[in-house]
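Asker:
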Amino acid sequence: MAALARLSRRTLAAPSGFLPLRRLLSAEAAASPAVVPPPTAPSVPTGSDRVKWDYRGQRRIIPLGQWLPKIAVDAYVAPNVVLAGQVTVYDGASVWNGSVLRGDLNKITVGFCSNVQERSVLHAAWNIPTGLPAETSIDRYVTIGAYSLLRSCTIEPECIIGQHSILMEGSLVETNSILEAGSVLPPNRRIPTGELWAGNPARFVRKLTHEEIVEIPKLAVAINDLMQNHFSEFLPYSTVYLEVEKLKKALNISI
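UniProt numbering numbers the first residue of the sequence shown as 1 and each following residue consecutively.
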């Protein structure tokens, strides 16, 4: 036991016997370069990711505070339409691709069997200095042409607003009237019932004939019938494209 204790003390007092091993390990560590992980390549979105973004990357219904857009059960709102705030789309109405209805300041209503066609923008002001209604109101059987801009205006039943038209604050289109395409209706301007207006700024052109007045609601009904075809293909989460891709693969059609 005494011999073993002396050997242990001698080893602890002079650890020179372990120096070569320490030097060898330190030399090998210095000689070997540090292992640096290879830089990771930027992630490339797969096809499924791109499809998911294309079809579901946009919020369609945007609540603002206590206001939540309301859509009737049989109304058609295209998948890439944006409804925000105080927006109401009534029965049989349709809002087509790319349109924006922004009811953050005041109400926007789209009446029965009316339609807002592609890329139109509807919004409203807090109030109008003249005291006229500041909300944007579209009554029944109204057709709003594509690329139109409506702000705090009122459109009475059975009217046609041509595409690329602009209706400014306080403007009023009375029933059975037509505003031709590309027209601009200045603030607080009124189109009397049964008249055709056109131009920038819009001016009176002529009185509408009885046959033209009868055709106004028929146009809205025809668009409503067309809406039914789109409505039957529309699913809440936009998964119709998956069925189309399956069908293409089954028929060996290149995607």
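Just so it is clear, CB atoms sit at the ideal spot from N, CA and C, and this is done for glycine as well. The model shown is predicted, which means the values in this text are computed figures rather than measured ones.
1) I'd like to know whether the C-beta atoms of Tyr141 and Glu158 end up nearer to each other than 8 Å.
2) Leaving out the 5 sequence neighbours to the left and right, which residues in its chain are closer than 6 Å to Thr109 when beta-carbon positions are compared?
3) Do Gly92 and Trp67 have their C-beta atoms within less than 8 Å of each other?
4) Which same chain residues, not among the five before or five after Gly47, have their C-beta less than 6 Å away from its C-beta?
5) Give the straight-line distance between the Cα atoms of Val173 and Ser183, rounded to the nearest whole angstrom.
6) For Ser106, count neighbouring Cβ atoms within 10 angstroms of its own Cβ and tell me buried if that reaches 16, exposed if not.
7) Is DSSP giving Val214 helix, strand or coil here?
8) With DSSP as the reference, label Glu245 as helix, strand or coil.
9) Tell me whether Gln86 sits in a helix, a strand or coil according to DSSP, three-state version.
10) Give me the Cα-Cα distance between Asp54 and His123, rounded to the nearest whole angstrom.
11) Identify, in the order they occur along the chain, each residue of the same chain with its Cβ nearer than 7 Å to the Cβ of Gly194, setting aside the five sequence neighbours on each side.
12) What are the residues that DSSP puts in a beta bridge with Phe204?
13) Since Ile144 and Gln117 should fall inside the 8 Å C-beta cutoff, what is the C-beta to C-beta distance between them, to a whole number of angstroms?
14) Three-state secondary structure (DSSP) at His164?
15) CA-CA distance, Phe204 and Ile160?
16) Throw me the rounded Cβ distance for the Ser120 and Asn224 pair, which I believe falls under 8 Å.
17) Taking C-beta to C-beta, are Trp197 and Leu219 nearer than 8 Å?
18) Cα separation between Ser114 and Val73?
19) Just grab the DSSP bridge partners of Arg151 for me.
20) Given Ala75, which residues of its chain have a CB within under 6 Å of its CB, disregarding the five upstream and five downstream residues?
21) Could you tell me if Glu169 is buried or exposed, where buried requires 16 or more neighbouring beta carbons within 10 angstroms of its beta carbon?
22) Could you spell out the range, first to last residue, of the beta strand (DSSP E) harbouring Ile138?
23) Who are the Cβ neighbours of Gly199 in its own chain at under 7 Å, not counting the five residues just before and after it?
24) With burial defined as no fewer than 16 other Cβ atoms inside 10 Å of the residue's Cβ, what is the status of Ile253: buried or exposed?
25) Please report the residue range of the beta strand (DSSP E) in which Leu101 lies.
Answerer: Let me spell this out:
1) For the purposes of this step, residue 141 is identified with residue 141 of the sequence shown, where counting begins at 1. For the purposes of this step, residue 158 is identified with residue 158 of the sequence shown, where counting begins at 1. It is a contact, given that the beta carbons lie within the stated cut-off.
2) In the sequence shown, residue 109 corresponds to position 109, counting from 1. Correct list, in chain order: Thr88 and Ser137.
3) One-based indexing of the sequence shown puts residue 92 at position 92. One-based indexing of the sequence shown puts residue 67 at position 67. Judged by their CB atoms, Gly92 and Trp67 are not nearer to each other than the 8 Å cut-off.
4) Working through the sequence shown from its first residue, we reach residue 47 at position 47. Low confidence applies to Gly47: its pLDDT is 48, below 50, so where it sits in the model is not reliable enough to give any reading.
5) Reading the sequence shown from its first residue, position 173 is the one you call residue 173. Reading the sequence shown from its first residue, position 183 is the one you call residue 183. Rounded to the nearest whole angstrom, the CA to CA distance from Val173 to Ser183 is 13 Å.
6) Stepping through the sequence shown from its first residue, residue 106 is reached at position 106. Per the sequence shown, residue 106 should be read as Asn rather than Ser. Asn106 is buried by the Cβ-count criterion.
7) Indexing the sequence shown from 1 puts residue 214 at position 214. Correct three-state label for Val214: helix.
8) In the sequence shown, counting from the first residue as 1, residue 245 sits at position 245. Glu245: helix per DSSP, three-state reduction.
9) Here residue 86 corresponds to residue number 86 of the sequence shown, with the count starting at 1. DSSP places Gln86 in strand when its eight states are reduced to three.
10) As a first step, residue 54 must be located in the sequence shown, where it is residue number 54. As a first step, residue 123 must be located in the sequence shown, where it is residue number 123. For Asp54, the pLDDT reaches just 44, beneath the cut-off of 50, and the residue's location in the model is therefore unreliable, although a value from the coordinates is still provided. If you take the alpha carbons of Asp54 and His123, they lie about 26 Å apart.
11) Residue mapping note: residue 194 aligns to position 194 of the sequence shown, counting from 1. Within the same chain, Gly194 has close Cβ partners Asn176, Ser177, Lys207, Leu208 and Ile213.
12) Start at 1 with the first residue of the sequence shown, and residue 204 comes out as number 204. Phe204 pairs with Trp197.
13) Position 144 of the sequence shown holds residue 144. Position 117 of the sequence shown holds residue 117. Rounded, the Cβ-Cβ distance is 6 Å, consistent with contact.
14) Your numbering for residue 164 matches position 164 in the sequence shown. Residue state, collapsed to three classes: coil.
15) Within the sequence shown, numbered from 1, the residue matching residue 204 stands at position 204. Within the sequence shown, numbered from 1, the residue matching residue 160 stands at position 160. Whole-angstrom Cα-Cα distance: 15 Å.
16) As a first step, residue 120 must be located in the sequence shown, where it is residue number 120. As a first step, residue 224 must be located in the sequence shown, where it is residue number 224. Their Cβ separation, rounded to whole angstroms, is 17 Å, which puts Ser120 and Asn224 out of contact at 8 Å.
17) Against the sequence shown, residue 197 aligns to sequence position 197. Against the sequence shown, residue 219 aligns to sequence position 219. A distance of 8 Å or more separates the beta carbons of Trp197 and Leu219.
18) Here residue 114 is taken as the residue at index 114 of the sequence shown, counted from 1. Here residue 73 is taken as the residue at index 73 of the sequence shown, counted from 1. Roughly 15 Å between the two C-alpha positions.
19) Along the sequence shown, read from residue 1 onward, the residue named residue 151 stands at position 151. Looking at the DSSP assignment, Arg151 forms a beta bridge with His123.
20) Indexing the sequence shown from 1 puts residue 75 at position 75. Only residues of its own chain outside the window of five on either side were considered, and among them Val89 and Ala93 have a CB closer than 6 Å to the CB of Ala75, listed in chain order.
21) Here residue 169 corresponds to residue number 169 of the sequence shown, with the count starting at 1. In this structure Glu169 is buried. Its beta-carbon is surrounded by 16 or more other beta-carbon atoms within 10 angstroms.
22) Translated into the one-based positions of the sequence shown, residue 138 becomes position 138. Taken as a continuous stretch (DSSP letters only), the beta strand (DSSP E) holding Ile138 covers Thr136 to Ile138.
23) Locating residue 199 in the sequence shown gives position 199, where the first residue counts as 1. Answer for Gly199: Ser183, listed in chain order.
24) The residue you call residue 253 lines up with position 253 of the sequence shown. In the assembly as shown, Ile253 is an exposed residue. Its beta-carbon has fewer than 16 other beta-carbons within 10 Å.
25) The count along the sequence shown starts at 1 and reaches residue 101 at position 101. For Leu101, the enclosing beta strand (DSSP E) begins and ends at Val100 to Val110.
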